[in-house]
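Residues 640 to 836 (the numbering used here) are what the sequence shown spells out, left to right.
Here is the structure we will look at.
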Amino acid sequence: MSEPLADSALDQLFRAARTYNGYLDRLVSEDQLRAIWDLMKYGPTSANSLPARIVWCVSDAAKQKLAALAMPANAEKILKAPVTAIIAMDHEFYEHLPELFPHTDARSWFVGNAALAQTTAFRNASLQGAYFIMAARALGLDTGPMSGFDNAGVDAAFFADTPNVKSNFIATLGYGDPASIFERSPRPDFGRFNRIA
Numbered sequence: 640m641s642e643p644l645a646d647s648a649l650d651q652l653f654r655a656a657r658t659y660n661g662y663l664d665r666l667v668s669e670d671q672l673r674a675i676w677d678l679m680k681y682g683p684t685s686a687n688s689l690p691a692r693i694v695w696c697v698s699d700a701a702k703q704k705l706a707a708l709a710m711p712a713n714a715e716k717i718l719k720a721p722v723t724a725i726i727a728m729d730h731e732f733y734e735h736l737p738e739l740f741p742h743t744d745a746r747s748w749f750v751g752n753a754a755l756a757q758t759t760a761f762r763n764a765s766l767q768g769a770y771f772i773m774a775a776r777a778l779g780l781d782t783g784p785m786s787g788f789d790n791a792g793v794d795a796a797f798f799a800d801t802p803n804v805k806s807n808f809i810a811t812l813g814y815g816d817p818a819s820i821f822e823r824s825p826r827p828d829f830g831r832f833n834r835i836a
């Protein structure tokens, strides 16, 4: 049976974790990127659909290409971060369901129903994006998830060979520089936005 995590782990994952705007001058290795994936892939998705597709922008060329498609403030963050991940979604994820969800013919639920496939891809790739953030934090890294970029331009620049894959959001990744963050914004108590029915 699972036990609650120690307060130190909860702090690292949630209470003390922050969204970073800048990073320390420390490299992030390919092994660390693979370790993030090897954790996040276990997060639940509908019918184990796993629609997220990630491009890890590590090279200067990739960062420059992505930064050129972002608003100026975000472009600066991309160029200075050790890594920026493009979290995208495969609208034809269902082609992999015979392998990923062999219990039933789940592929047939989506073939010919583009609206359902797109909604499912967006919801579950967004979930996987959250798992990405938590996996990075669990491994001692920090992230800076953001919008503020040209989705169509990113799709053309990074997914031209897979037109069924569309960008969702991007996130810088590294060892966060405490000097780059603002005072934490408010987090309301349970009663403000919740009700028990």
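No residue lacks a Cβ here, since even glycine has one placed at the ideal position from N, Cα and C.
Since the model is a prediction, treat every value here as computed from it, not as a measurement.
Assumed close pair residue i, residue j - CB separation to whole angstroms, cut-off 8 Å
| i | j | result |
| --- | --- | --- |
| A764 | M710 | Not confirmed; about 22 Å, so no contact. |
| A701 | Y733 | Actually they are not in contact, since the Cβ atoms of A701 and Y733 sit about 29 Å apart, beyond 8 Å. |
| F771 | N687 | No, F771 and N687 are not in contact; Cβ-Cβ is about 17 Å, not under 8 Å. |
Span separating the alpha-carbon of residue i from that of residue j
| i | j | result |
| --- | --- | --- |
| A754 | T743 | 21 Å |
| R746 | D816 | 44 Å |
| G682 | H735 | 17 Å |
| A706 | R762 | 26 Å |
| A796 | P827 | 40 Å |
| A691 | L678 | 14 Å |
| G779 | G751 | 42 Å |
| N790 | M640 | 43 Å |
| E669 | A769 | 20 Å |
| A799 | L689 | 21 Å |
| Q767 | W695 | 15 Å |
| S698 | A836 | 50 Å |
| D664 | A818 | 13 Å |
| Y647 | R654 | Residue 647 is actually Ser in this sequence, not Tyr. Computed Cα separation, rounded: 9 Å. |
| R834 | E822 | 28 Å |
| L672 | P643 | 27 Å |
| R831 | A645 | 27 Å |
| F829 | T801 | 42 Å |
| F749 | S824 | 40 Å |
Whether residue i touches residue j by CB criterion (8 Å)
| i | j | result |
| --- | --- | --- |
| N807 | I675 | no |
| Y662 | K719 | yes |
| T723 | L812 | yes |
| M785 | I820 | no |
| T758 | S685 | no |
| G783 | K716 | yes |
| L666 | P721 | yes |
Sequence-distant residues of its chain with Cβ nearer than 6 Å to residue i (five each side left out)
| i | result |
| --- | --- |
| V793 | L708, S806 |
| K680 | none |
Nonlocal neighbours in the same chain, by C-beta distance under 7 Å from residue i, ignoring five residues either side
| i | result |
| --- | --- |
| H730 | A756, Q757, A760, N803, K805 |
| R776 | Q651, L652, A656 |
| P737 | R746 |
| N713 | M785, G787, F788 |
| M773 | L652 |
| Y814 | Y662, L663, R665, L780, D781 |
Contacts around residue i, its chain only, beta-carbon distance under 8 Å, and the 5 residues preceding and following it disregarded
| i | result |
| --- | --- |
| I693 | W676, A724, I725, I726, A727, F771 |
Can you check the stretch 670-749 for any alpha helix (DSSP H) of at least 4 residues that lies completely inside it and give the ranges in chain order?
-> 699-706, 711-719, 736-739, 746-749
Could you name each continuous beta strand (DSSP E) segment of 3 residues or more that falls completely within the stretch 744-784, going from the start of the chain to the end?
-> none
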